[in-house]
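A.B. asks:
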Amino acid sequence: MRKKTIEEYIELIYSLEKRDGHAHTGLIASEMNIKPPSVTQMLQKLKREGLVCYQSYSGATLTPKGNEMARRLMEKHRVIEEFLKMIGIEQNVAELEACQIEHHVSINTARQVERFVRYLKKKNDDEGWLDEFKKTVMI
908 MRKKTIEEYI
918 ELIYSLEKRD
928 GHAHTGLIAS
938 EMNIKPPSVT
948 QMLQKLKREG
958 LVCYQSYSGA
968 TLTPKGNEMA
978 RRLMEKHRVI
988 EEFLKMIGIE
998 QNVAELEACQ
1008 IEHHVSINTA
1018 RQVERFVRYL
1028 KKKNDDEGWL
1038 DEFKKTVMI
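Note that the working numbering numbers the sequence shown so that position 57 is 964, with each residue one more than the last.
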C-alpha cells in the first residue's frame, strides 16, 4: 500500500466519521472518484493494519491507531498551510498544496515548521518584519 493512498483514506474516513458517525463504502468511493469494490479492498487492508473497524454494508470507523494517524495528518496539514499562507500563498492554493506536501514530511519536520512559524509570528509582533516581507513580495 502506498503511504499517500493510506493517508488519503484515513483523512477522508476521519472527516466522514466526524460528519456522519461512520464512513460508508459508497460515499468513500464517490468522494475519491473510484469504484466501491476498490474501496472495499482498501478498507479490508486498513482493517488488517489495525487502522479501521470495517464490516461489509456497515462502513468503517477509525480505530484508536487510525485516529492517531488522522490527528498527526491534520496537524501536519494545518502547520504547512499556515506556513504557506504566512509567506503569501493564497488560502485556496495553500490548502491544496498543504494536502500534497503533508504526505511527504515527517511529523518531526512538521513540528519544526510549527516552531518556526511561532517564532516568525513572535518576531513579527516585536519587529514587524514579516509584514514588511509581505508588502515587498506581494503583488
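We treat Cβ as the ideally placed atom computed from N, Cα and C, and that holds for glycine.
(1) From residue 910 to residue 919, what does the alpha carbon distance come to, in whole angstroms?
(2) CA-CA distance, residue 1002 and residue 963?
(3) What residues in its chain sit with their C-beta under 8 Å from that of residue 929, if we drop five residues either side in the sequence?
(4) Could you give the C-beta distance for residue 979 and residue 1014, rounded to a whole number, given that I count them as a contact under 8 Å?
(5) Return helix, strand or coil for residue 969, following the three-state DSSP convention.
(6) CA-CA distance, residue 951 and residue 960?
(7) Is the number of C-beta pairs between the region 1010-1025 and the region 983-1000 that are closer than 8 Å three or more?
(8) Where does residue 1020 sit, in a helix, a strand or coil, going by DSSP?
(9) Determine the extent of the beta strand (DSSP E) in which residue 916 is found, giving its start and end residues.
(10) Do residue 916 and residue 981 have their C-beta atoms within less than 9 Å of each other?
C.D. replies: Looking at the coordinates:
(1) Taking the sequence shown and counting its residues from 1, one reaches residue 910 at position 3. Taking the sequence shown and counting its residues from 1, one reaches residue 919 at position 12. If I take the Cα positions, the gap works out to 14 Å.
(2) Walking along the sequence shown from the start, residue 1002 turns up at place 95. Walking along the sequence shown from the start, residue 963 turns up at place 56. Taking the straight line joining both Cα atoms gives about 33 Å.
(3) The sequence position of residue 929 within the sequence shown is 22, counting from 1. These residues qualify, in order along the chain: 923, 965, 966, 967, 968.
(4) For the purposes of this step, residue 979 is taken as residue 72 along the sequence shown, with counting starting at 1. For the purposes of this step, residue 1014 is taken as residue 107 along the sequence shown, with counting starting at 1. Sure, about 5 Å apart at Cβ, within 8 Å.
(5) Within the sequence shown, the letter at position 62 stands for residue 969. The three-state secondary structure of residue 969, taken from DSSP, is strand.
(6) Position 44 of the sequence shown, counted from the start, is the residue given in the question as residue 951. Position 53 of the sequence shown, counted from the start, is the residue given in the question as residue 960. Approximately 9 Å, taken between the alpha carbons.
(7) Between the region 1010-1025 and the region 983-1000, the count of Cβ pairs shorter than 8 Å is three or higher; the stretches touch.
(8) On the sequence shown, residue 1020 is found 113 positions in, with the first residue counted as 1. Secondary structure of residue 1020 (DSSP, three-state): helix.
(9) Within the sequence shown, the letter at position 9 stands for residue 916. Judged by DSSP secondary structure, residue 916 falls outside any beta strand (DSSP E) and instead within the alpha helix (DSSP H) spanning 910-927.
(10) In the sequence shown, counting from the first residue as 1, residue 916 sits at position 9. In the sequence shown, counting from the first residue as 1, residue 981 sits at position 74. No, they are not a contact pair.
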